[in-house]
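Asks:
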Amino acid sequence: MQFRLLGPVEVTAGGAAVPLGGVKPQTLLAALLLERGHIVPMPRLIDIIWPDDPPETARAAIQTYIKTLRQALARSGMPEVIVTRAPGYLAQIPTGSLDMDVFERLLADARAASTPQETSDLLGAALALWRGPVLAGLGDSLLSGEAARLEQLRLTAVEERMAADLALGRHGQVVAELAGLVGRHPTNERLRGQYMTALCRLGRQSDALAAFREGREVLVESLGVDPGPELTALHHAILRGDPALLAPPSGETAGAVVPAQLPLAPADFTGRASESSALVAALTSGPSRAIQVIGGRAGSGKSALAVHVAYQVASAFPDGQLYAELRGMSDAPADAGEVLGRFLKALGVEPAALPPGTAERAELYRSLLAGRRVLVLLDDAATEQQVRPLLPGGPGAAVLITSRNRLGGLAGVHRTDLDVLDPAEAIELLGRIAGAERTAAEEPAAREIVELCGRLPLAIRIAGARLATRRQWPLRLLADRLTDERRRLDELAIADLEVRAGFELSYRGLDRGARRALRRLGHLGVPEFSPWIVAWLCDLGGTAAEVTVERLVDAQVVDFSRVDELGTLRYRVHDLVRIYARERAEVEESAEALASAVERVLGGWLALADRVAATAPSDEIGWLRSPVDAFPVSRELVKQVLGAPHDWFDIEQPALVVGLERAAALGLHRLVCQFASARLGPSLFGVNRFVSRERINQAALAAARDAGDRHDEATMLAELGHLRYLQDRFPEARQLLGEALGAFRELGDPRGQAVALAGLGVTCREAGRLTDALYFLDQAGTLLAGLGLGQDVGNVYLRRLAASVRLELGDYPAAWSGLEESLAAYRRVGSRRGEGVTLRTMSLFHRATGEYGQAIEAAEAARAIFAQLGDKLMEAYAVRAWAKAQFRLGRTRQVLAPLEGALATCQAMGDRWGLALTLRTLGELHLADGHLRDAAACLTASIEVWEAMEAPLWRARTERDLALLHEARGESETAATIRARVMTVFRDHGAREHAELVNHEAAR
115 MQFRLLGPVE
125 VTAGGAAVPL
135 GGVKPQTLLA
145 ALLLERGHIV
155 PMPRLIDIIW
165 PDDPPETARA
175 AIQTYIKTLR
185 QALARSGMPE
195 VIVTRAPGYL
205 AQIPTGSLDM
215 DVFERLLADA
225 RAASTPQETS
235 DLLGAALALW
245 RGPVLAGLGD
255 SLLSGEAARL
265 EQLRLTAVEE
275 RMAADLALGR
285 HGQVVAELAG
295 LVGRHPTNER
305 LRGQYMTALC
315 RLGRQSDALA
325 AFREGREVLV
335 ESLGVDPGPE
345 LTALHHAILR
355 GDPALLAPPS
365 GETAGAVVPA
375 QLPLAPADFT
385 GRASESSALV
395 AALTSGPSRA
405 IQVIGGRAGS
415 GKSALAVHVA
425 YQVASAFPDG
435 QLYAELRGMS
445 DAPADAGEVL
455 GRFLKALGVE
465 PAALPPGTAE
475 RAELYRSLLA
485 GRRVLVLLDD
495 AATEQQVRPL
505 LPGGPGAAVL
515 ITSRNRLGGL
525 AGVHRTDLDV
535 LDPAEAIELL
545 GRIAGAERTA
555 AEEPAAREIV
565 ELCGRLPLAI
575 RIAGARLATR
585 RQWPLRLLAD
595 RLTDERRRLD
605 ELAIADLEVR
615 AGFELSYRGL
625 DRGARRALRR
635 LGHLGVPEFS
645 PWIVAWLCDL
655 GGTAAEVTVE
665 RLVDAQVVDF
675 SRVDELGTLR
685 YRVHDLVRIY
695 ARERAEVEES
705 AEALASAVER
715 VLGGWLALAD
725 RVAATAPSDE
735 IGWLRSPVDA
745 FPVSRELVKQ
755 VLGAPHDWFD
765 IEQPALVVGL
775 ERAAALGLHR
785 LVCQFASARL
795 GPSLFGVNRF
805 VSRERINQAA
815 LAAARDAGDR
825 HDEATMLAEL
835 GHLRYLQDRF
845 PEARQLLGEA
855 LGAFRELGDP
865 RGQAVALAGL
875 GVTCREAGRL
885 TDALYFLDQA
895 GTLLAGLGLG
905 QDVGNVYLRR
915 LAASVRLELG
925 DYPAAWSGLE
935 ESLAAYRRVG
945 SRRGEGVTLR
955 TMSLFHRATG
965 EYGQAIEAAE
975 AARAIFAQLG
985 DKLMEAYAVR
995 AWAKAQFRLG
1005 RTRQVLAPLE
1015 GALATCQAMG
1025 DRWGLALTLR
1035 TLGELHLADG
1045 HLRDAAACLT
1055 ASIEVWEAME
1065 APLWRARTER
1075 DLALLHEARG
1085 ESETAATIRA
1095 RVMTVFRDHG
1105 AREHAELVNH
1115 EAAR
């Protein structure tokens, strides 16, 4: 059975027509066939059949038509073509039984055909399916839009068949048909151009020129436009008697003279869907196609994409496809004159007729391509000068170029820059080469392989080829081999494919300064960098460094990454390029020169860190740091960093960590330890501060030990202890600080001992060991006083900590005295952070003594300071202190949102202490508002965090709130049990709550 819409609506079975009834049943069937396989809702069917004024009986009428059509189709052996499916009907027909589908398939096959003969045959078969206008006899309906689409597709098929026949030299056979087509479609410039070409080839130049004049008049009168550039160029070619208009030889062998030079398409081409689609659209969009340039680093798949796209669009260029390998990155790039000679011979010029010079060959080449639809693929171009003579002059041809250079001097170029494959594409490519069943069976190893290949197509292709030729290898074996950076490029080689060779060509194309910059970037190994890093590495000024980086970008060995939050351009080096660059650095430069380069980078970073510290005096006890040479930095950079130190450290943090680890491995332990021990504020490293500081401190500790520097080793033990304190890992903090204290005592360093003792004091305070905390803090103060540093900021820090401990013990007079002294001292030395921290503790004091208004004022002042400093974590602590004082005054409604914001900050920055405190405060807030379920959830979560941190005193304080919750529920016995337990904790730790609860029970 056949269903036909390309003409009057018909259904045939066994060669006989199936009776379909009148116009309305035919329209109904056509609507269902156009949406075959999909449900057409009843309301839409009504609109299609009665577009203006449907009768009230429309639904019943359609049901009647459906019944009649089903009966007719059933009598012809097809009872199940029309299926009822809510909210309407759908048509189910066999594949290939609808003439519209067959037409579109033949059209697609024709466009993919490799010769004009095949194209002509397929298009002739497609057009033979048409029996008249689409849906003839149905009149106007909502189906008219689809009918118009199909008619346009028919006209396109006619145009393409004419192009194929002209390429076959059949101008005599098609000229009459073209005359009729031009008469029916007078504004169709492509058909008119084909008609003019056929006339010209028949020696009827005057008729061809008359056809152009007639077309111009029609376009001006009908559309108000002049002929387009392609038709105009053809007119000019006829006027000057261009030899390119001469007819190709006729007959079946004519297709052989159409150049088809595209290289073999990669059978396993994978990914690049968006790039492919964009390039196909650009190359087939019309006569004014831009020159398309595919750029990217070595191994990014430029050539594979270009050939893949070229085959996709080949049918749109029936006059041929030219290809040249320009060897742009080799020692002997292809000569443009030589390439033109090959192109001209492919276009039918006899060798004896080739002009001798490049300019003359280029002129003939452009003449032959004028008005012809030819695709020119130029692979691995070196420079604009090499490419320009190879560009066609007319609008009909299209050019696709691949190059590692940017070719910015070519006019009218559209660039497509290739990055690495996305993870899914990378896995797919590996599977297509090594076997999809292997990558599926060992998916974790497969993912590791493609990531170690940097998702670079060439590297993945090589890895896949190695696995394909070693079927017995598990993927894990190759993944483990690739993990070693020293071997990775050696592993990524097979037969004549080698990642290193591609990078070598790019490297040799750089000038001396750019090569040095790339080597040193690879040796430093930072994941992202600004031009200042290159300035320090190569001892250059800022402008010279920027120029050098741009040369690296132009050569596709460095990628532009982004403009950061401070407006600085940032760049990155692909992992495999970095490994190659490091290899070259270790071969071409001395170890001393490389170490000096890294030392300058650390010196630059350290100079900036010192400037940050100088503008914001620390609130902590710090180290006596010996002077280290710091590399000079520009005023512009200093101003930028000082304007937003938190942002700058957050941006630079990945590079800082990797650079400091590299310096530690090179034995630059003094600089590394100097940076690691800089007191820049505990939250300056932002959200990832724990991971970053851990890596920096561990690298510094290992470097100090390797150098046998006992003092730096002790310093880094103390810094690690301080980090563990910030991570709320108090037992580990006490152990490390104890080791540091012992080392400083052996070294006879009282300042170092004081730093370690202060760390032990604050760690004991958080763990609830309040008496021990005072002991350690008093010892540290005694040591500083013995050094004559009673007014040092470190001593102020100790007094503030001791005051906070006395507040926990309930010694309010001593606590207040210490806080007042600390606040005055911090203000005297200009430590804004110290002032903010002290004001927050004062807020806690006022709240503990029932002075809620003063508590709110102190917390607000602290919050303003931390906001000004950009210290989001301490701002969250101040917000919590403010909120707690507010709801103690019964102002619960206004504090929920700020508290939830503080909770989010603590979660984002991994601050468990702040998380537990805020959860407890939220629990207290919900309890005060009578939201017992929310209160229980928050208090329970807080207790779990306190338990994980081994902080029994703060857990007991939260459990006391939980007892109030149980009382509110009427669970007095449970509340009493909890109170008894927490009373023991308060008593054992000497906390102020013990006396408060005793007094409360006595009052009851």
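Numbering (the numbering used here), first residue to last: 115 to 1118.
Cβ coordinates follow ideal geometry from the N, Cα and C atoms, glycine included.
To the nearest angstrom, how far is the alpha carbon of Gly856 from that of Glu833?
Replies: 14 Å
Asks: So Arg529 is in the beta strand (DSSP E); what residue range does that whole segment cover?
Replies: Per DSSP, Arg529 belongs to the beta strand (DSSP E) from 527-531.
Asks: Please report how far the alpha carbon of Val334 lies from the alpha carbon of Val427, in whole angstroms.
Replies: If you take the alpha carbons of Val334 and Val427, they lie about 32 Å apart.
Asks: Return yes when the Cβ of Leu535 is within less than 8 Å of the Cβ of Glu389, no when it is not.
Replies: no
Asks: What is the rounded straight-line gap between the Cα of Pro588 and the Cα of Asp594?
Replies: Pro588 and Asp594: Cα-Cα distance of roughly 10 Å.
Asks: Considering Cα atoms alone, identify which of Leu898, Glu989, Gly902, Glu922 is closest to Leu912.
Replies: Taking only the C-alpha atoms, the option nearest Leu912 is Leu898.
Asks: Counting only the same chain and skipping the five closest in sequence on each side, list residues whose C-beta sits under 8 Å from that of Val677.
Replies: Leu683, Arg684
Asks: Please work out which residues of its chain come closer than 7 Å, Cβ to Cβ, to Gly900, disregarding the five sequence neighbours upstream and downstream, and give them in chain order.
Replies: Pro864
Asks: Report the residue from Arg263, Trp244, Thr229 whose alpha carbon sits nearest the alpha carbon of Val372.
Replies: Measuring from the Cα of Val372, the nearest candidate turns out to be Thr229.
Asks: Where does Gln670 sit, in a helix, a strand or coil, going by DSSP?
Replies: coil
Asks: For Gly135 and Met214, what's the separation of their Cα atoms in angstroms?
Replies: 22 Å
Asks: Spell out the partners DSSP gives Ile196 in its beta bridges.
Replies: Ala205
Asks: Measuring alpha carbon to alpha carbon, tell me which residue in Ala387, Gly413, Val423 is nearest Thr398.
Replies: When each option's Cα is compared against that of Thr398, the closest is Val423.
Asks: Relative to the C-alpha of Gly307, which candidate in Ala347, Gly286, Asp340 has its C-alpha closest?
Replies: Ala347
Asks: Less than 8 Å between the beta carbons of Leu212 and Leu147, yes or no?
Replies: yes
Asks: Would you decide whether Thr126 is buried or exposed? Buried here means 16 or more other CB atoms lie within 10 Å of its CB.
Replies: exposed
Asks: Going by alpha carbons, who is nearest to Arg696 out of Glu808, Leu1078, Ala631, Pro759?
Replies: Ala631
Asks: Which of the three DSSP states is assigned to Ala227 in this structure?
Replies: coil
Asks: Label Asp1102 either buried or exposed according to how many other C-beta atoms from any shown protein chain fall within 10 Å of its C-beta, with 16 as the threshold for buried.
Replies: exposed
Asks: Where does Ala131 fall in DSSP's three states?
Replies: strand
Asks: Would you mind sorting Val288 into buried or exposed? The rule is 16 or more other CB atoms within 10 Å of its CB.
Replies: Looking at its Cβ environment, which holds 16 or more other Cβ atoms inside 10 Å, Val288 is buried.
Asks: Quick check on Glu706: buried or exposed, where buried means 16 or more other Cβ atoms within 10 Å of its Cβ?
Replies: exposed
Asks: Please report the distance separating the alpha-carbon of Thr1098 from that of Thr877.
Replies: 22 Å
Asks: So, using beta-carbon positions, are Arg914 and Thr955 closer together than 8 Å?
Replies: yes
Asks: How would you label Asp340, buried or exposed, when you count the other beta carbons within 10 angstroms and need 16 or more for buried?
Replies: With fewer than 16 other Cβ atoms from the protein chains shown falling within 10 Å of its own Cβ, Asp340 counts as exposed.
Asks: Does the distance from the C-beta atom of Ala727 to that of Ala814 stay below 8 Å?
Replies: no
Asks: What is the DSSP secondary structure of Pro759, counted as helix, strand or coil?
Replies: helix
Asks: So, under 8 Å CB-CB, Leu71 and Pro469 are touching, yes? Tell me the CB distance rounded to an integer number of Å.
Replies: Because the chain here runs from 115 to 1118, residue 71 falls outside it and cannot be looked at.
Asks: Kindly identify the DSSP beta-bridge partner or partners of Ser517.
Replies: Gly409
Asks: Pick out whichever of Ile693, Arg601, Gln406 has its Cα sitting closest to the Cα of Ala512.
Replies: Gln406
Asks: Does DSSP put Phe117 in a helix, in a strand, or in coil?
Replies: strand
Asks: May I have the straight-line CA-CA distance separating Glu664 from Gly510, to the nearest angstrom?
Replies: 35 Å
Asks: Let me check one thing: in DSSP terms, what residues is Leu489 bridge-paired to?
Replies: Gln435, Ala512
Asks: Roughly how many angstroms lie between the CA atoms of Arg1093 and Ala870, to the nearest whole one?
Replies: 36 Å
Asks: For Ala769, I'd like the list of residues in its chain whose CB is within less than 8 Å of its CB, leaving aside the five on either flank, ordered along the chain.
Replies: Val640, Pro641, Glu642, Phe643, Ile647
Asks: Can you check whether the CB of Leu690 is closer than 8 Å to the CB of Val1119?
Replies: It is not possible to answer for residue 1119, since the shown part of the chain is limited to 115 through 1118.
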